[in-house]
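Peer 1: Before I ask anything, here is the structure I am working with.
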Amino acid sequence: SCHLTLDPNSANTHLYLFEDNRKVTWRSEKQQYPDHPDRFDCFPQVLCAESLSDNDKSWILSCCGGSYSVWHNNRETAIPVPTSHRLGVYVD
Numbered sequence: 650s651c652h653l654t655l656d657p658n659s660a661n662t663h664l665y666l667f668e669d670n671r672k673v674t675w676r677s678e679k680q681q682y683p684d685h686p687d688r689f690d691c692f693p694q695v696l697c698a699e700s701l702s703d704n705d706k707s708w709i710l711s712c713c714g715g716s717y718s719v720w721h722n723n724r725e726t727a728i729p730v731p732t733s734h735r736l737g738v739y740v741d
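What the sequence shown shows, in my numbering, is residues 650 to 741, in sequence order.
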C-alpha cells in the first residue's frame, strides 16, 4: 500500500489540511497559507504531494450540490450515494 499526502502548496485557501496532510476539510474562513504559484485560487482543490504517474491516470472527485461524481479522461461518472459530511478516497 501507498501512503499518500496532500500538497499544502496547492491547497485552496478554503481547504484545511490536517493529520500530516492526509486529510482535508472545507472551511468558510480562509486559511493563512503563504503565496505559492501552485495554489488553486478559484476552486476548492488540492493536489497529491506524491507523483502517481502520467496525467492520463489522474482523476477528479467532484462534490457539488449534494451529489458526487468522478471525472477521468474528460468523462464524468455519477456516484449514486446519499450525501454525507465525510468521505474517503482509497487508491489501489
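Backbone N, C-alpha and C fix where the C-beta goes; we use that ideal spot for every residue, glycine too.
#1: Just curious, the beta strand (DSSP E) that C712 is in, first and last residue?
#2: Who are the Cβ neighbours of R676 in its own chain at under 8 Å, not counting the five residues just before and after it?
#3: Give the range of the beta strand (DSSP E) segment to which D672 is assigned.
#4: Under 8 Å by Cβ, that's how I've got N658 and H685 pegged, so tell me the actual separation to the nearest angstrom.
#5: Sorted by chain position, which residues of the same chain lie with C-beta nearer than 8 Å to R671's C-beta, five sequence neighbours on each side aside?
#6: Could you check whether V673 and L710 sit closer than 8 Å to each other, using their CB atoms as the reference points?
#7: So, for E699: in the same chain, excluding its five sequence neighbours on each side, which residues have a beta-carbon less than 6 Å away from its beta-carbon?
#8: Compare the beta carbon distance of S733 and E725 with 8 Å and say whether it is the shorter of the two.
#9: Hey, how far is the Cα of L696 from the Cα of P731?
Peer 2: Reading off the structure:
#1: In the sequence shown, counting from the first residue as 1, residue 712 sits at position 63. Counting along the chain, the unbroken beta strand (DSSP E) around C712 starts and ends at 709-713.
#2: Taking the first residue of the sequence shown as 1, we reach residue 676 at position 27. The residues are H663, L664, Y665.
#3: For the purposes of this step, residue 672 is taken as residue 23 along the sequence shown, with counting starting at 1. Sequence check: residue 672 is Lys here, not Asp. Note, K672: beta strand (DSSP E), 672-675.
#4: Here residue 658 corresponds to residue number 9 of the sequence shown, with the count starting at 1. Here residue 685 corresponds to residue number 36 of the sequence shown, with the count starting at 1. Sure, about 4 Å apart at Cβ, within 8 Å.
#5: Indexing the sequence shown from 1 puts residue 671 at position 22. Closer than 8 Å at Cβ, skipping near neighbours: H652, L653, T654, L655.
#6: To locate residue 710, count along the sequence shown from 1; it is residue 61. To locate residue 673, count along the sequence shown from 1; it is residue 24. No; because the gap between Cβ atoms is not below 8 Å, this pair is not in contact.
#7: On the sequence shown, residue 699 is found 50 positions in, with the first residue counted as 1. Apart from sequence neighbours up to five positions away, the residues of its chain that approach E699 with a beta-carbon distance below 6 Å are L653, ordered along the chain.
#8: Numbered from 1 along the sequence shown, position 84 holds the residue referred to as residue 733. Numbered from 1 along the sequence shown, position 76 holds the residue referred to as residue 725. No, the pair does not count as a contact, with Cβ atoms beyond the cut-off.
#9: The sequence position of residue 696 within the sequence shown is 47, counting from 1. The sequence position of residue 731 within the sequence shown is 82, counting from 1. Going by the C-alpha atoms only, they are around 25 Å apart.
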